[in-house]
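Remarks on the structure that follows.
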Amino acid sequence: MASGSDKAKAARLRTELAEHNYRYHVLDDPTIPDAVYDQLYQELLELETRHPELVVPESPTQRVGAVPVSGFAEVRHGIPMLSLDNAFSTVDIENFDRRVRERLETDGAIEYSAEPKLDGAAINLWFENGELTRAATRGDGTVGEDVTHNVRTIRSVPLRLRGKLVPERIEVRGEIFMTREGFRRLNESARQAGEKLFANPRNAAAGSLRQLDPRLTASRPLALFAYGVGTVTGGAMPERHSGILSQLREWGLPVAPEAELVTGVSGCLAYYDKMLKKRQELPYDVDGVVYKVDQLAQQARLGTVARAPRWAVAHKFPAEEQLTTVEAVEFQVGRTGVLTPVARLVPVFVGGVTVSNATLHNLDEMHRKDVRAGDTVIVRRAGDVIPEVVAVVLDRRPRVTHPVAAPRKCPVCGSAVVRVEGESALRCTGGLVCPAQRKESLRHFASRRALNIDGLGSQLIEQLVDAGLVQTPGDLFRLTATQLEELERMGERSAAKLLGAIEKSKSTTLDRFLYALGIPEVGEATSKGLARHFVKLDALMGATEAELEEVEDVGPVMAAQITAFFREPHNGEVIRDLRRQGVHWDESAKPVAESLPLKGKIFVITGTLADMTRDEAKARIEALGGKVTGSVTAKTSYLVVGDSPGSKLAKAEKLGVEILDERALTSMLTSQLR
Ligand code: IVH
Numbered sequence: 001m002a003s004g005s006d007k008a009k010a011a012r013l014r015t016e017l018a019e020h021n022y023r024y025h026v027l028d029d030p031t032i033p034d035a036v037y038d039q040l041y042q043e044l045l046e047l048e049t050r051h052p053e054l055v056v057p058e059s060p061t062q063r064v065g066a067v068p069v070s071g072f073a074e075v076r077h078g079i080p081m082l083s084l085d086n087a088f089s090t091v092d093i094e095n096f097d098r099r100v101r102e103r104l105e106t107d108g109a110i111e112y113s114a115e116p117k118l119d120g121a122a123i124n125l126w127f128e129n130g131e132l133t134r135a136a137t138r139g140d141g142t143v144g145e146d147v148t149h150n151v152r153t154i155r156s157v158p159l160r161l162r163g164k165l166v167p168e169r170i171e172v173r174g175e176i177f178m179t180r181e182g183f184r185r186l187n188e189s190a191r192q193a194g195e196k197l198f199a200n201p202r203n204a205a206a207g208s209l210r211q212l213d214p215r216l217t218a219s220r221p222l223a224l225f226a227y228g229v230g231t232v233t234g235g236a237m238p239e240r241h242s243g244i245l246s247q248l249r250e251w252g253l254p255v256a257p258e259a260e261l262v263t264g265v266s267g268c269l270a271y272y273d274k275m276l277k278k279r280q281e282l283p284y285d286v287d288g289v290v291y292k293v294d295q296l297a298q299q300a301r302l303g304t305v306a307r308a309p310r311w312a313v314a315h316k317f318p319a320e321e322q323l324t325t326v327e328a329v330e331f332q333v334g335r336t337g338v339l340t341p342v343a344r345l346v347p348v349f350v351g352g353v354t355v356s357n358a359t360l361h362n363l364d365e366m367h368r369k370d371v372r373a374g375d376t377v378i379v380r381r382a383g384d385v386i387p388e389v390v391a392v393v394l395d396r397r398p399r400v401t402h403p404v405a406a407p408r409k410c411p412v413c414g415s416a417v418v419r420v421e422g423e424s425a426l427r428c429t430g431g432l433v434c435p436a437q438r439k440e441s442l443r444h445f446a447s448r449r450a451l452n453i454d455g456l457g458s459q460l461i462e463q464l465v466d467a468g469l470v471q472t473p474g475d476l477f478r479l480t481a482t483q484l485e486e487l488e489r490m491g492e493r494s495a496a497k498l499l500g501a502i503e504k505s506k507s508t509t510l511d512r513f514l515y516a517l518g519i520p521e522v523g524e525a526t527s528k529g530l531a532r533h534f535v536k537l538d539a540l541m542g543a544t545e546a547e548l549e550e551v552e553d554v555g556p557v558m559a560a561q562i563t564a565f566f567r568e569p570h571n572g573e574v575i576r577d578l579r580r581q582g583v584h585w586d587e588s589a590k591p592v593a594e595s596l597p598l599k600g601k602i603f604v605i606t607g608t609l610a611d612m613t614r615d616e617a618k619a620r621i622e623a624l625g626g627k628v629t630g631s632v633t634a635k636t637s638y639l640v641v642g643d644s645p646g647s648k649l650a651k652a653e654k655l656g657v658e659i660l661d662e663r664a665l666t667s668m669l670t671s672q673l674r
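Reminder that position 587 of the sequence shown reads as 587 in the numbering used here, one-by-one numbering, no gaps.
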């Protein structure tokens, strides 16, 4: 049996938890960290497990998944749940306000409660003597479905109203919704589990609400905003709608913090503009705003027609999603050479603009969504974000369609396209010749750390390319004073100065030249490494991927990019052209690699060394041009054997690989240094 003090403790914990829940969900102002809430909750749960007779229906432990129901019972609403008439324009709102004033026979400005129109599922909550007894969906407006078992699992729905002056019976109306972040997380885990994705937060909220198993609903990030009441008996209510919202908040029901009192059409329209601007920042989807005549006496005089009140209207935002048809899937080349799949669409008005192209982001996304020419797709444009294809409506796919293949050639310049391993991006290898990349590659070519052509900045490159004077880097060296002087803002003196800078840039170094070529992945440091290693450009251009990997910091991905770049005939032409124009550097140095004594030797180390760590041994071998790998193969030159060697020794013996003990290694390393 629970003692009196256990009973008091359970009651205290419940009150405390309810208070924190209220601060968190209604006031949005929690005073304790989530972890402390969880501790209090655990304490209560343990107490209740020890003494089940202490459990009461409004205990927060009673939210999580009761037993599944076999179907939804029908529930008749106390007062029907109405819908709203929609308005789409300023004129619609002016007409609405005029009709309101005519019916009320007043010239004075009307006060409206302006609220966000949440995009979720409508809910009707019965509270009897403060306790949540029933929750029902809207259904046909008169009869809905009993979803009490699910709604009890939603943390922001109070199981008991706060305060003493609660009515005997009240119907609270509101919207159950999912935040965008919650929706994103839900879909992310569905994707990982290979399950079906929800199209949008509204579908996810409505679907979660209509689950037979409340444990499933409990796992979904649902929330409530209350926006009105139905039946109220045995208690007084405020005379204004805005007062009702405040009252609901005091009773512990979450109300949208953006609700505001406004005056007249101008007040409504200003609110609309403000919310439209705020739309993307809100954590939840809002598909418009609602204006409600604030005085309940005026509402009563206006009454209802058909299923919508005359005293309220929904002012809709431009839809962020629309259906349209895909005409083709094409690949766009960006200024850095990345190819992006783009769906060409039958133009459609969405998110406030006409959209005829939508990005498919990258190959992986394109394959995942499997968008094909002829498909009907959902297009989304939210705020200023570029329009994207959300999904294909498979029911509407024509009988014959073809999956889109990744292009092998750049659609702009015809150069080979490579897909970098481990990256989902496709890339054109024609950086120096591809018109899509022309300006960017020229800007890079002339930049300070590349060929360093003083005075040749982005703006001038823009002008030169637009005037058709420069297409490839070689063209820069063919520019004449007459051509330059014809450009805007270019006088005789600045033209001469530029030509001087161009001439000067011809005398460069191999590493600057390599960097200037803009080989994908190859930055300044790598260019230096390559130049030091190969010294001659021809040697580098003829190197295999394995040879490239001998250079410090060059891994397989970069080696593949480099060979792909030099394999592209267009790039070879540009390089030849530049040399013909007189771009030159010193190739007389002795290649670093050739001068190193252990060049070409491959070492494997096994067992423990006495006088150096493996890392030290590796560093010393590499410093002399050798390479250290992890496993013994026929290509291994030496196996270095320390204390307690592993199976590598047997393998090396079998393959006839030369064996070195630590002393032999040390003497090899020191003698090589002399
Ligand atoms: S008032 C009599 N206020 O929009 C007024 N509805 O067709 C009835 N909704 O399904 C609704 N936010 O669930 C009202 N602030 C808000 C709302 C709102 C969203 C939903 C509601 C209903 C639909 C109206």
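All C-beta atoms in this analysis are idealised placements derived from N, C-alpha and C, irrespective of residue type, glycine included.
In the displayed model, A652 falls within a helix according to three-state DSSP. Relative to the non-hydrogen atoms of ligand 1, the Cβ of S208 never comes closer than 7 Å to any of them. Taking all protein chains shown into account, K278 has fewer than 16 neighbouring C-beta atoms within 10 Å of its C-beta and is therefore exposed. In the displayed model, L296 falls within a helix according to three-state DSSP. Judged by DSSP secondary structure, Y284 falls outside any alpha helix (DSSP H); it is assigned neither H nor E. One alpha carbon belongs to Y638, the other to K528, and they sit about 30 Å apart. Checking the 7 Å criterion, the Cβ of V290 is within range of a heavy atom belonging to ligand 1. In this model, D34 and V69 are separated by some 31 Å (Cα to Cα). DSSP places E74 inside the beta strand (DSSP E), whose first and last residues are E74 to R76.
Cα atoms of A416 and D395: separation of roughly 37 Å, rounded to the nearest angstrom. Annotation: the continuous alpha helix (DSSP H) that includes H25 extends over G4 to H25. Look at D364 here: in three-state DSSP terms it is helix. Using a 10 angstroms sphere on the CB of S588, the tally of other CB atoms stays under 16, which defines it as exposed. By the CB criterion at 8 Å, A136 and E128 fall outside the cutoff. In the displayed model, E111 falls within a strand according to three-state DSSP.
When distances are taken from the beta-carbon of A319 to the heavy atoms of ligand 1, even the shortest one reaches 7 Å or more. Counting only residues of its own chain and dropping the five nearest sequence neighbours on each side, V628 has a CB closer than 6 Å to the CB of F603, K618 and I621. Q581 sits in coil when the DSSP states are folded into three classes, being neither helix nor strand. With respect to the 8 Å criterion, L510 and A531 are classified as neighbours on the basis of their beta carbons.
Contact check for E549 and A560: beta-carbon distance about 10 Å, past the 8 Å limit, so the pair fails to qualify. For R489, the number of other beta carbons within 10 angstroms of its own is below 16, and it is reported as exposed. A check of alpha carbon separations from V551 across L498, R614 and L624 identifies L624 as the nearest. For S494, the uninterrupted alpha helix (DSSP H) segment begins and ends at E492 to S505. Only residues of its own chain outside the window of five on either side were considered, and among them S208 have a CB closer than 6 Å to the CB of R220, listed in chain order.
With fewer than three CB-CB distances shorter than 8 Å, the region 292 to 310 does not count as touching the region 337 to 348. Here T233 is exposed: its Cβ has fewer than 16 other Cβ atoms, across all protein chains shown, within 10 Å.
For L464, the CB contacts under 6 Å within the same chain, skipping 5 residues up- and downstream, are V470 in chain order.
A distance of 8 Å or more separates the beta carbons of R380 and V392. Here H315 is bridged, per DSSP, to A87 and V289.
Distance between V229 and Q332, taken at the CA atoms: about 53 Å. Between the beta-carbon of R372 and that of V326 there is about 7 Å, and that keeps the pair under the 8 Å contact cut. Inclusion of L165 and V26 in the CB contact set at 8 Å is not warranted, their separation being larger than that value. The residue among V400, V418 and T153 with its C-alpha nearest the C-alpha of P407 is V418. Each residue's CA atom was taken as its position, placing A226 and T179 some 15 Å apart. Under the three-state reduction of DSSP, C428 is assigned to strand. Relative to the non-hydrogen atoms of ligand 1, the Cβ of S83 comes within a distance shorter than 7 Å of at least one.
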